[in-house]
Structure formats: structure tokens, C-alpha cells
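Visitor: FYI, the numbering for the sequence shown is -3 to 957, going by the numbering used here.
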Amino acid sequence: MTASTPPAPEFRDPRLPFAKRVDDLLARLTLDEKTAFLHQFAPAVERLGVAAFRTGQEALHGVAWMGPATVFPQAVGLGATWNEDLVRRVGEAVSREARAMRARDDRVGLNVWSPTVNLLRHPLWGRNEEGYSEDPGLTSAIATAYTRGLRGGHPTYWRTAPVLKHWLAHNNETDRDTSSASVRPRVLHEYDLRAFRETVEAGAVAGVMPAYNLVNGRPNHVSPYLDRQLRTWTRDDLLVCSDAGAPSNLVDSEHYFDTHEEATAAALRAGVDSFTDHGTDSSKIVARVRGALEQGLLTEADVDAAVRRQLSVRFRLGEFDPEHDPHAVTDAEDVAAAFDTPAHRELAREAAEQAVVLLKNDGVLPLAPDARIAVVGLLADECKLDWYSGTLIHRSTPLEGVYERFGAERVSFAEGVDRVRLRTAAGTFLHVLPSDGAADRAAGAEGALDPALLAGRTDLPPLTTDATGTELALVDWGEGLLTLRAPDGRYLSVAEDGFVRASADQPGGWVVQETFRLEPHGDGHLLRHTGTGGHVRVAADGVKVAAPDASAASSTAGAPEVFELVVTERGEDAVARAAAGADVVVVVAGNDPHINGRETEDRTTLRLPAHQERLLRAARAANPETVLALTSAYPYAVDAQALPAVLWTAHGGQAAGTALARVLAGDVSPAGRLPQTWYADDADLPALLDYDVIGSRQTYLYFEGTPLFPFGHGLSYASFAYADLSARVEAGRVSVSFTVTNTGDVTADEVPQLYVRAEDPSVPRPRRELLAHRRITLAPGATADVSFDVPSSALAFWDVALDRWRLEPGPYALLVGASCEDVRLSATVTLDGEPTAPRPVRERGLAAAGFDEQSGTEIVDLTKTTGDAVTPVAGRTGELLYRACDFGAGVGGVTVSVAGEGTVEITLDGGPAPVVLSPDKPTPGPYAYTELRAALAAEGVHDLRIRLRGALRLAHVGFSG
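#1: Nearest by alpha-carbon distance to Leu913: which of Pro920, Pro922, Ala931 is it?
#2: Determine contact between the stretch 136 to 145 and the stretch 81 to 98, defined as no fewer than three beta-carbon pairs at a distance below 8 Å.
#3: Determine which residues share a DSSP beta bridge with His1004 and list them.
#4: At 3 residues or longer, and completely inside the stretch 338 to 384: list those beta strand (DSSP E) runs for me, N to C.
#5: Only counting the same chain, and skipping five residues up and downstream in sequence, which positions put a Cβ closer than 8 Å to that of Arg729?
#6: Would a C-beta distance cut-off of 8 Å place Gly567 and Arg610 closer than the cut-off?
#7: State the DSSP-derived secondary structure class of Leu488, mapped to helix, strand or coil.
#8: With DSSP run on the structure shown, which of helix, strand or coil describes Met205?
#9: Are the CB atoms of Val389 and Pro64 nearer to each other than 8 Å?
#10: Spatial neighbours of Gly829 within its chain, please: CB distance less than 6 Å, with the 5 preceding and 5 following residues excluded, ordered by chain position.
#11: Restricting to runs no shorter than 3 residues, where is the beta strand (DSSP E) found entirely within the stretch 135 to 173?
#12: Pick from Gly505, Leu134, Leu602: whose alpha carbon is nearest that of Ala768?
#13: Going by C-alpha distance, which of Pro834, Tyr632, Ser712, Glu927 is nearest Leu120?
#14: Give me, in chain order, the residues of the same chain whose beta-carbon lies closer than 6 Å to that of Thr596; leave out the 5 immediate sequence neighbours on both sides.
#15: CA-CA distance, Asp223 and Ala585?
#16: Alpha carbon to alpha carbon, how far is Arg24 from Lys16?
#17: With contact counted as at least three CB pairs below 8 Å, one residue from each stretch, are the stretch 307 to 326 and the stretch 281 to 289 in contact?
#18: Are the CB atoms of Leu226 and Val268 nearer to each other than 8 Å?
#19: Which word fits Asp680, buried or exposed, when buried means at least 16 other C-beta atoms lie within 10 angstroms of its C-beta?
#20: So Gly98 and Ala334 are in contact, right, with Cβ under 8 Å, and what is the actual spacing, rounded?
#21: By DSSP's criteria, Gln53 is part of a beta bridge. Which residues make up the other side?
#22: On the CB-based measure, 16 or more other CB atoms within 10 Å of its CB, does Arg949 come out buried or exposed?
#23: Run through the stretch 852 to 879 for me and flag every whole alpha helix (DSSP H) of 4 or more residues, listed as ranges in chain order.
#24: What's the C-alpha gap between Pro394 and Ala376?
#25: Hey, how far is the Cα of Arg835 from the Cα of Gly884?
#26: Look at the alpha carbon of Pro2 and the alpha carbon of Leu313, and state the distance between them as a whole number of angstroms.
#27: Roughly how many whole angstroms lie between the Cα atoms of Gly662 and Thr773?
#28: Between the beta-carbon of Ser219 and the beta-carbon of Ala266, is there less than 8 Å?
#29: First and last residue of the beta strand (DSSP E) that includes Phe512?
#30: In three-state DSSP terms, what is Pro922?
#31: Within the same chain, show all residues whose beta-carbon is closer than 6 Å to that of His150, passing over the 5 residues directly before and after it, in chain order.
#32: Would you mind working out which of Leu418, Ala655, Ala618 sits nearest Leu73, comparing C-alpha positions?
#33: Looking at C-beta atoms only, is the number of pairs between the stretch 37 to 46 and the stretch 615 to 622 that lie closer than 8 Å three or more?
#34: Could you give the DSSP three-state label for Arg800: helix, strand or coil?
#35: Alpha carbon to alpha carbon, how far is Gly898 from Ile942?
#36: Report yes if the CB atom of Ser249 is closer than 8 Å to the CB atom of Asp273, and no otherwise.
Shown next as C-alpha cells:
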């Protein structure tokens, strides 16, 4: 007799719903097995046939870190396309390549940590390149398109599982793991939460990643909004993955908890499901969870909730149904059909073309086909990658693109580097030895789970010195940060052994090892290596970096070298020569995404680096027909008045050069639009850590100055006429229609945009706010009927008096045009809504953070788990204003809930005699609140003002009798 085959467990039965299968598998796991699942690298459970699983695969604009892949334009460039259909197709291509790459390398994950939906509130943010827009609606539209592409269109199985970054209100790298963003309720709901909410509600998001920073005094990794907001927006299980190292930061840098067991338990209970900490070593997180369980800080039910959400994603990815997974890639033929395909290459070019924004054009563009062109600038022959890029398979620089399009015989080139030699005190020069016999290998080609751990090359000879030396190409990327490049194209770099070598293809890495600073010292300069902090010295066995504390005055062999910088050619001289012999000059300027403005480092100014400004001035002086082509991850403040044409594109990926050349030639009419305001001067910017977009009048929504170029701006080689506007309100919806006609003589895209402005608001509302947009293609003379239909609720605002959304009745201006400032048509509609009413403070009191206006305060955590309080900024007196407080028939007393020490002063309508309350002694801690009472006679409706002094937290104000 043969034994009957035991039935397959329910979690293996594809006929059952995922929820039932998840419950079955969860019930079969031991507590130790479930605990191990909480780390990013979840181990296999061999007894159940469950494979190992890794959360996290970077895929912001292509599969990153894991070797060669199609590289699309940076995220901010995809945002500049204003084209959801295009971005969805990019997402599809990226997810198909992720599947194909995983078939060859199981290190490639399918839980992709993309896109980034942090709003581009401040243009000096170092990670500006990762976001889509300063506008929450546009950000959400582009992010939704990308996630739909990443997810795939199958109703059951997902091609990849996208995770949105970084929850919440995260726009600074400066002190990013210890700084707190003070986010008032209106900004929270109308701005920061909105970008996440609309994308999650669209149904193609698997989860979110909390940010490193704190919001209102509480780390995002214990944010109550994960449960109170995020998980109420969808019925799907959402997986919350921590950012790398952030769980440990709760204790180590933020000091928010005393022990790692407390911190881990708090994060898990707040909603974090997967802990990215200590690389592939899960032992510390597992030990912390076990410790929290033993101490009663966690229950097994808490662990189950997190593991259930992780398993839900794994089931959706088809892991347990390989025979039913429509996205499975199983053989070489499938890989070839999904990876680096002709369609993906064409899509990369299309995306790069659509991302180009024509900022100004006095008629010099498009270039004449027989023009003699000088292509100059530090980025003219570069195809730069950023931290979240894959390795290039194909590469196109602006110079190569112009060569290909116009013919090399019509093109001249000058990079504009300063060519220098470095003379030692002994009279010799730094010399780069030939690298004969050394293997040529591209950084990142082999892939890495953590590219921050990739080591520098030590197989090449260190620099030496000799009588003539080597001429080096010096570039100052701003603020004195230099790169030095050898004649063979390799950058000077420092590996772990401390020697200086010409060994890097490009500057890069988590800690960039290819940047230096020249520091004046006596009659020469010290050369400091920024990656290690040490100065360069000359030793018998080669040029190396001295210990950071070595003194130049020391007579020992380890002393730093004092160099004389010998300039053999200024970059502006080469540029001027090339410019003078051309009909038109294209200056390609911008940034290196690994230097001055990147993850971990914010910019300090909107200005172009001085080196590049020198080149631009030289080109313009030699030839007035100078076009500035900015290739950058963020906006610049440039003197556009003096230039006949200016373009901007983000770093455009593998097809960047071809795309730019086709736009310059007029093969493609540019139609990118700015996804964020370009300010004219640093003085227009708020403080980097000021997150109050309303109070500080930030972004196009509130900015009252004159921008260099406004949000939504972008020119074309065609012209367009807008006409026949119709607007109506019915059944809770606002419907707008109009026509757009191409009145030019070339086929071109146009991006009509619909904005709204409340005409008689009771609170400060945006000057105008984007409601809808569409990118359309029109042949010469063609007309398109454009219509938008939006719910009236889209015009609501967060009413702090009611602590909910409210649609205010009254007139609203509907503005149609080509940017937020270029309005072509307008109409006014009147909406019904909920009338403004005074605050019922007698019944409800006042939540301190529910103010209408403030100065000198910040919002902090009421407790470590929930709620907000308000405190004065250190060293300042804080002021809060609550408008239209209704005291009804009258009150006789006031109660304030406070912690700490200091005073609370309360006045009505700015009266001269405040009620002053102060604790007799400091409370035991910042969360130990006490109630203070005083007489306050009031009836009817009044504005109430509160002044806070000292290290005091105000939580609530109540009224009685």
C-alpha cells in the first residue's frame, strides 16, 4: 500500500483569498520565526518551504544599485513632464526590468522603495532630485502613475510592490535625524499628508517608509499618523519599512527612548513592520524584539500584526503561487523580452525629451541646421548619475548628442576646466603613473545591496612626484569643493589604504572620496581630502593622505605637503576661444549629483558655482548668441535677462544628450513644465527648517514675490490660443471646458493647467492652486477640446476650529493657462458650502496647536505616543492667535494645561490687561502636565491671544462658568 499524499496547507491553495492564506501561514509560524521576519532580511523557514525575503529595492528612476539597467531621467525630471501616461509607462519598464534582473540575481528585490513623494517645498533641499513637485496634487498624480506602472495591471498579482518615501514632512538633510519639522494642522492636512493620501487611495501602493526626521517633536518612526491617517485610506494591508538605521536613531541620536527595547516596541506598536537596521545582520533587531516581549513592552499580537502585513505583500507578489504569477520571469528568453529592450531605450529617450523645459527663448532656438555650434561647459560631455541610479548600459552626453545631430565637423568643444599642476615644496610636481595592465571596471557594474560599502580601487599605482608632473583638470563645484582629473579621465581618489590614485570613473559613493579643498597656507596651499579630512602628503612610497590631526609645521615625514598651484590654462580662456569661432554657443552648466546638494547635504545657495559663472560670462562676452542649458537636480538663480535662451532639464539618464540635441535642433518642440518655483534670489527663500508654507508664504501657493520662473512655466516652439471657456457647478462637481489651438507652424505639446482661487476666504488660502492639468499634442492649426471635472470637495480647506475639512461657500475664480502666472482664461463660480462659524470654545476649549496664526513658537509632542502641544522657540516669546472664539452667554474662568516652567498670558482682542498663569514650580518633566486656573470674564465672540514665555508646553485651554 502507498501512503496518501497529505493535503497541501491552506496557505498554498491559490483558490483561497489571500487574507485566509496569510492567517494560515501566520498560525504555522513560531514566535521566534515571526520575530525573525521583522528584520529587513527575513530568513527562510525551510520546514514550511518559505523562502527568504528582503524588503527594499531602490527603483526611483530605474532599478538602482544592482548593476546595469535602463536609466530614466531623475524623478524631478519625470515630474517636469507633467505626463502621467508617460510616467506610468516608465514605471512599467522599471518593474519589468526588476523582474528580469531578479531572474538572474536573487539579490534584486520586488518590494521597491519608490517613489519619493516628499514635496519640493524648499529648493535648497539636498534631495530635491528625488521628488516630483512642490505641489501636492501634481506630486500625487505623477506618483500614482509611477506606482501603477510598478504594480502592473493584473487584478490579483503585483509585478512589484511600491513603498512611498519618506513619511512625513521631510525636506532637510541638515540634522535630518534630530531636527523636528513644526507642522501646523492646516499644513499637515492640506500639504504634506495630501501627496501621500491621494496616491495611497489610488490603490497601487504597498506601503510607506518613515523619514529620519521628527514631526512636531516626535520621530516619524513612532508617528501616530501611521495608524490614524495612513491606514484609514485603504482596505489593503500596508507595509511600513523603516529607513536604514532609523530604529537605532530613536535611542542613539534622537535620545527619544532610553533603551532599544523600548524604542523597537514603540515603533512596532506605532505601525513599523520591517526594521532596516545593521545591514544584513538581523541579530540586534531580533534581540531587541525578544527583549521587549520579555519586558512586557510587546505582545505576540503586536508581532503578528506586523508579520501579517509583510506576508500580505509577499502573497500579492505571487511568491506562493509561481505557477499562477503572470509576471514571472523564468528563462533567458523572458529576460531578454523584459530587460534593456528597444522599447525601453526609446522610452528613455522620450522621457528625457519630455522633461526638457524651455525657460526663455528670444528666437535663437531651434538652431539652424547649418549652424556652427560651440558646446562648452563642465557638463557638456557628461552623463551624470545620482545615488539612486543603476549602472549605465547606454550613454549619451550633450556633446555626443550634438555631434550626432549636427555633425562633428560643425561642432567645437571646450570643457572649461582649469588645467593645473601641483608643485611641492621640493620643486617637484604631482605625477600620475600609467595604469598599464590594470583591469578596466565600471563602478557598480557588479551590483551591491549597499553601495555605500563598495571599496575604492587599490590595484592602480599611487601618485608620485617628478620634475614635470601631470597636468590635472581642476573643477570647483562650489564653496571650494574641487575635483582633480588625470589626462586618462580618471579622478583622483583615496582608498582605504590612504594612497591618492587616479582611480575613479566619476565622483560618487556615500562618502565621496574624489573631492578636495585647497586651503591657503603661507605662500601656498594645503590640499585637504574631504572624504577623510586629512591633508595630502608626499611619502617615499607614494602620495597619500596624512592623519587629520597632522600639522603642516611638523618636520616629520607625515606632515602635509604645501603645494603651489600652477595654472597652465584657465577654463574661461578655452571657452572664449571656442565661443568666438561659432555661430551659437551652448553652455551646459549644472551640478554633479554627488557633490554639494545630495542626500546628507543641503545646498547653501541658489547661485551657480563661481567656476561655472566664469565660464558663462566668458562665453557670453565672446559670443552674444549664447544658450544656457542647465542640467541639474534643482533650480538655480541665474541672470536670464542677459541670455537669448535658457533651458533646464534634470539629469536625463542614458538618453539625456540625444534628447537635448533633438530639442536644440527643433526635432522636438520642448513642452516640459517647471514642477517647482524658481526663485530669483536667496533672499526669497524661507529658513530651511521652516515648514509653515502658509505662515511663511512658501511655494507658488503662497509666495507673493516675483519668481525668476513660475511654477508650471515652460515655453514651446509653437504658440497656442485658448478660447471658449465654460464653467459650471452641479451635483457636487466643478466642470470646466475650453479649447486650445496650435497657432504655430510645428507640431508641439501643450500643457493646459487649471487653477482655483477662493475670492472671499475667511482664512489665508492659496493665491492659486492647481486643480487639474493635461499634456496634449497638437498639429499646426489643430484644436483640442479640453475638459476637467473635479469634485467640489477638492476646494475645501482644513478648518482648525472644527478639526476637519470644510468647503467654504462663496465665489471661486477658475483660472486656465500655461502656468500659474500665465493665465489665459478665467471664470468665477459660486459654491454652496458650510458657512463660517465662530469657535465653540465654551464647549470644546482650544487645542493649543489649533491656532490661526503664530510667531516664535513650534509644535512639539504632547506625549510620546500622540497629540500636540506648543512651546516657544528657545530664547523667544511665542505668540498664538485664535480668531472668532465664541464664549456664548459668558464664561468666568480659564484653565490651561501646561508642562515645564514659564508663563502663559491670555488677552481678548489684544486687550492691555492679560491674564497671567504660571506653575509654582517646574513640572517633573516635559510630559507631566498640570492645570492652572484663573478668572477670565468673557461673553460673545472675541479673538484670543496667548503669549508663551520660558520652557513651557501648552497643550489645551479650557473655559468654565
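We put the beta carbon where it would ideally sit given N, CA and C, even for glycine. All figures in this text were calculated on a predicted structure; none of them were measured in a lab.
Guide: Taking the coordinates as given:
#1: With distances taken between Cα atoms, Leu913 lies closest to Ala931.
#2: The stretch 136 to 145, when compared against the stretch 81 to 98, does touch it at the 8 Å Cβ threshold.
#3: Absent from the model: residue 1004. The displayed extent of the chain is -3 to 957, so no value can be given.
#4: Counting whole runs of 3 or more residues, the stretch 338 to 384 contains the beta strand (DSSP E) stretches 353 to 357, 369 to 372.
#5: Short of 8 Å from the beta carbon of Arg729, and not among the five residues preceding or following it, lie these beta carbons of its own chain, in chain order: Asp785, Val786, Pro787, Ser788.
#6: Closer than 8 Å, so yes.
#7: It is a strand residue.
#8: In this structure, Met205 counts as strand in the three-state DSSP scheme.
#9: Looking at the sequence itself, residue 389 is Ile, so the reference to Val does not match. Closer than 8 Å, so yes.
#10: Same-chain partners within the cutoff: Leu803, Glu804, Pro805.
#11: If we require 3 residues or more, the beta strand (DSSP E) runs fully inside the stretch 135 to 173 come out as 159 to 163.
#12: Closest by alpha carbon: Leu134.
#13: Closest by alpha carbon: Tyr632.
#14: Apart from the 5 residues on each side of it in sequence, Thr596 sits with its Cβ closer than 6 Å to the Cβ of Glu169 in its chain, given in chain order.
#15: Our two residues, Asp223 and Ala585, have alpha carbons roughly 45 Å apart in a direct line.
#16: Roughly 13 Å separates the two Cα atoms.
#17: No, the stretch 307 to 326 does not touch the stretch 281 to 289.
#18: For Leu226 and Val268, no; Cβs fall outside 8 Å.
#19: Residue burial annotation: Asp680 is buried, with at least 16 other C-beta atoms found within 10 angstroms of its C-beta.
#20: According to the sequence provided, residue 98 is Arg. The question's Gly does not apply to it. In this structure Arg98 is not in contact with Ala334, their Cβ atoms being roughly 10 Å apart against a cut-off of 8 Å.
#21: Answer is Val108.
#22: The residue in question, Arg949, is buried, as its Cβ has 16 or more Cβ neighbours within 10 Å.
#23: As for any alpha helix (DSSP H) of minimum length 4 sitting wholly inside the stretch 852 to 879, there is none.
#24: Taking the straight line joining both Cα atoms gives about 5 Å.
#25: Cα-Cα distance, rounded: 10 Å.
#26: So the two alpha carbons sit approximately 26 Å from each other.
#27: Here the C-alpha atom of Gly662 lies approximately 15 Å from the C-alpha atom of Thr773.
#28: Yes.
#29: Judged by DSSP secondary structure, Phe512 falls within the beta strand (DSSP E) whose first and last residues are 512 to 517.
#30: Of the three classes helix, strand and coil, the one that applies to Pro922 here is coil, per DSSP.
#31: Counting only Cβ-Cβ distances below 6 Å, and skipping sequence neighbours, we find Pro322.
#32: It should be pointed out that residue 73 corresponds to Gly in this sequence rather than to Leu. The shortest Cα separation from Gly73 among Leu418, Ala655, Ala618 belongs to Ala655.
#33: Between the stretch 37 to 46 and the stretch 615 to 622 there are fewer than three inter-stretch CB-CB distances shorter than 8 Å, so the stretches are not counted as touching.
#34: The answer is strand: DSSP assigns Arg800 an E or B state.
#35: Cα-Cα distance, rounded: 13 Å.
#36: With contacts defined by Cβ atoms closer than 8 Å, Ser249 and Asp273 do not form a contacting pair.
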